[in-house]
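To start, the structure under review is shown below, and the notes come after it.
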Amino acid sequence: MRRPPLRASLFLALLATASVPGCKRESPEQPAMPAKAPAVTTAPATAVATSATDLRDVTENTPDYVIGISYPAVASRYPALATELKRYAEAARAELLEAAKGREKAGSSAPYELVLPFSELYASPTLVAVGVDGSSYTGGAHGAPLIARWVWLPQQGKQLRIGDLVPDAGGLEAISGLVREQLHTALSQRVDADELPPAERVEVLKGANKMIDDGTSPDPEHFSQFEPLVGANGRIRGLRFVFAPYQVGPYSDGTQTVEVPAASLLPHIAPAYRSLFEGG
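In mature numbering (1 follows the signal peptide of the UniProt record, and there is no 0), the protein residues as written are -18 to -1, 1 to 262.
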């Protein structure tokens, strides 16, 4: 199926939705949305922030490609975090521009597209979380999802990675089991709701369960995308692990998440970070 082009007016309207007040997601109940309004200006391909801490939102609109990148205000307060976000955005942008050079040769009538709405998920003097739920379209039926999370420790000036939190292989294996169990349960409930014939149900579950098992094996890379769920006391009450489409299910299942409470995580958390968690 040929994907229709994203018209400039629609694209700018998409970015403009970030300007709605109260869009910051500081609790797990709120949806992930851009944390602030992007500066909507049409810029040439060279109009990218020249400094890592100068995170200017970018909109580029040409016959070959459309690009929209918006950053949360909180990132500008932490230069090292800003550098990480900008590096991610520029890598995605460079990949899209390279692909766009061959758009006509590939037979695509629609411009290629990159949409990266970075958002503030949580911010305090001790903990900052930023996410992006974007996409890159370079032909085909749909775009490729670009899903990433950054958990930042302002007082230490560093990103908190899963390998820091859970350094022991046995701990990651235990967390893997908890996550896998939730995903298997959710899958069974979805398949039951479809009321498939028994033989078809078995086949669907067989293939989907294998994707879950493969995508949640105890490899740090499989659990690298996570965000903190912070309680009223400012401590982490759990972690939400984020799995992009194709990691634990088909594209049609979308991004999937699993929440693991602090009580289940604490036995496996490195001593240096236990004080961040409830009960630690």
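Just so it is clear, CB atoms sit at the ideal spot from N, CA and C, and this is done for glycine as well. In this text, all values refer to a predicted model and were calculated from it rather than measured experimentally.
(request) State the Cα-Cα distance for the pair residue 108 and residue 101, rounded to the nearest angstrom. (result) Locating residue 108 in the sequence shown gives position 126, where the first residue counts as 1. Locating residue 101 in the sequence shown gives position 119, where the first residue counts as 1. Separation of residue 108 and residue 101 (C-alpha to C-alpha, rounded to the nearest whole angstrom) is 18 Å.
(request) Give the straight-line distance between the Cα atoms of residue 219 and residue 110, rounded to the nearest whole angstrom. (result) Translated into positions along the sequence shown, residue 219 becomes position 237. Translated into positions along the sequence shown, residue 110 becomes position 128. When rounded, the distance between both Cα atoms is 15 Å.
(request) With a 10 Å radius around its C-beta and 16 neighbouring C-beta atoms as the bar for buried, classify residue 115 as buried or exposed. (result) Residue mapping note: residue 115 aligns to position 133 of the sequence shown, counting from 1. Buried, by the Cβ-count rule.
(request) Kindly list the residues whose CB is nearer than 7 Å to the CB of residue 186, restricted to its own chain and excluding five residues on each side of it in sequence; keep chain order. (result) To locate residue 186, count along the sequence shown from 1; it is residue 204. Answer for residue 186: 173 and 178, listed in chain order.
(message) What would DSSP say about residue 165, mapped onto helix, strand or coil?
(response) In the sequence shown, the residue the question calls residue 165 occupies position 183. Here residue 165 sits in helix by DSSP.
(request) Tell me whether residue 113 sits in a helix, a strand or coil according to DSSP, three-state version. (result) In the sequence shown, the residue the question calls residue 113 occupies position 131. Here residue 113 sits in strand by DSSP.
(request) Out of 237, 92, 196 and 88, point me to the one whose CA is closest to residue 129's CA. (result) Taking the first residue of the sequence shown as 1, we reach residue 129 at position 147. For the residues 237, 92, 196 and 88, the minimum Cα distance to residue 129 belongs to 237.
(request) Please say whether residue 40 and residue 85 have beta carbons closer to each other than 9 Å? (result) Here residue 85 refers to the residue found at position 103 when the sequence shown is read from its first residue. Here residue 40 refers to the residue found at position 58 when the sequence shown is read from its first residue. No. Outside cutoff.
(request) With a floor of 4 residues, list each alpha helix (DSSP H) that falls wholly inside the stretch 51 to 126, ordered by position along the chain. (result) Runs of the alpha helix (DSSP H) inside the stretch 51 to 126: 61 to 82.
(request) Measure the C-alpha to C-alpha separation of residue 149 and residue 170 and round it to an integer number of angstroms. (result) Here residue 149 is taken as the residue at index 167 of the sequence shown, counted from 1. Here residue 170 is taken as the residue at index 188 of the sequence shown, counted from 1. Going from the Cα of residue 149 to the Cα of residue 170 covers about 32 Å.
(message) What ranges does the beta strand (DSSP E) occupy inside the stretch 220 to 259, keeping only unbroken runs of at least 3 residues that lie completely in it?
(response) As for any beta strand (DSSP E) of minimum length 3 sitting wholly inside the stretch 220 to 259, the runs are 238 to 243, ordered along the chain.
(message) Taking only three categories from DSSP, how would you classify residue 171?
(response) If you number the sequence shown from 1, residue 171 lands on position 189. Residue 171: helix per DSSP, three-state reduction.
(message) Output needed for residue 62: all residues of its chain with C-beta closer than 6 Å, excluding positions within five of it in sequence on either side, in chain order.
(response) One-based indexing of the sequence shown puts residue 62 at position 80. Take residue 62, set aside five residues on each side of it, and the residues of its chain with a beta-carbon closer than 6 Å to its own are 139, in chain order.
(message) Closer than 8 Å to a non-hydrogen atom of the ligand ZN - does that hold for the CB of residue 106?
(response) Ligands displayed in this structure: none; no statement on the ligand ZN is therefore possible.
(request) Alpha carbon to alpha carbon, how far is residue 209 from residue 223? Give it in angstroms, no decimals. (result) Along the sequence shown, one-based indexing puts residue 223 at 241. Along the sequence shown, one-based indexing puts residue 209 at 227. If you take the alpha carbons of residue 223 and residue 209, they lie about 7 Å apart.
(request) Please state if the CB of residue 198 and the CB of residue 234 are separated by a distance shorter than 9 Å. (result) By 1-based counting over the sequence shown, the position of residue 234 is 252. By 1-based counting over the sequence shown, the position of residue 198 is 216. No. Outside cutoff.
(message) Using only the alpha-carbon positions, how far apart do residue 45 and residue 232 sit?
(response) As a position in the sequence shown, residue 45 is number 63, starting the count at 1. As a position in the sequence shown, residue 232 is number 250, starting the count at 1. When rounded, the distance between both Cα atoms is 31 Å.
(request) Give me the Cα-Cα distance between residue 253 and residue 247, rounded to the nearest whole angstrom. (result) As a position in the sequence shown, residue 253 is number 271, starting the count at 1. As a position in the sequence shown, residue 247 is number 265, starting the count at 1. Computed Cα separation, rounded: 12 Å.
(request) Starting from the Cα of residue 64, find the closest Cα among 37, 166, 182 and 120 and give me that residue. (result) To locate residue 64, count along the sequence shown from 1; it is residue 82. Check the Cα spacing between residue 64 and each of 37, 166, 182 and 120: the tightest is with 37.
(request) Reducing DSSP to helix, strand and coil, say where residue 156 ends up. (result) Taking the first residue of the sequence shown as 1, we reach residue 156 at position 174. In this structure, residue 156 counts as helix in the three-state DSSP scheme.
(message) The beta strand (DSSP E) that contains residue 212, what's its start and end?
(response) Position 230 of the sequence shown, counted from the start, is the residue given in the question as residue 212. Annotation for residue 212: the continuous beta strand (DSSP E) segment containing it runs 208 to 212.
(message) For residue 205 and residue 144, which I take to be in contact (beta-carbon distance under 8 Å), what is that distance rounded to the nearest angstrom?
(response) As a position in the sequence shown, residue 205 is number 223, starting the count at 1. As a position in the sequence shown, residue 144 is number 162, starting the count at 1. At roughly 5 Å, the Cβ-Cβ gap stays under 8 Å, so residue 205 and residue 144 are in contact.
(message) Suppose you measure from the CA of residue 98 to the CA of residue 50; what does that come to, to the nearest Å?
(response) Translated into the one-based positions of the sequence shown, residue 98 becomes position 116. Translated into the one-based positions of the sequence shown, residue 50 becomes position 68. Near 6 Å, if we compare the C-alpha coordinates of residue 50 and residue 98.
(message) Given this structure, state the Cα-to-Cα distance separating residue 132 from residue 195, to the nearest angstrom.
(response) Residue mapping note: residue 132 aligns to position 150 of the sequence shown, counting from 1. Residue mapping note: residue 195 aligns to position 213 of the sequence shown, counting from 1. Distance between the alpha carbons of residue 132 and residue 195: 25 Å.
(message) What would DSSP say about residue 43, mapped onto helix, strand or coil?
(response) Taking the first residue of the sequence shown as position 1, residue 43 is located at position 61. In the structure shown, residue 43 sits in a strand (DSSP, three-state: E or B).
(message) Is it buried or exposed, residue 120, if we count other Cβ atoms within 10 angstroms and call 16 or more buried?
(response) Stepping through the sequence shown from its first residue, residue 120 is reached at position 138. In the assembly as shown, residue 120 is a buried residue. Its beta-carbon has 16 or more other beta-carbons within 10 Å.
(request) Given a cut-off of 9 Å, decide if residue 228 and residue 134 are closer than it, judged by their beta-carbon atoms. (result) What you label residue 134 is simply residue 152 of the sequence shown in a count that begins at 1. What you label residue 228 is simply residue 246 of the sequence shown in a count that begins at 1. Residue 134 is not a Cβ neighbour of residue 228, given a cutoff of 9 Å.
(message) Is it buried or exposed, residue 207, if we count other Cβ atoms within 10 angstroms and call 16 or more buried?
(response) Translated into positions along the sequence shown, residue 207 becomes position 225. So residue 207 ends up on the buried side.
(message) Tell me the DSSP secondary structure of residue 131 in three-state form.
(response) Numbered from 1 along the sequence shown, position 149 holds the residue referred to as residue 131. Under the three-state reduction of DSSP output, residue 131 falls in the strand class.
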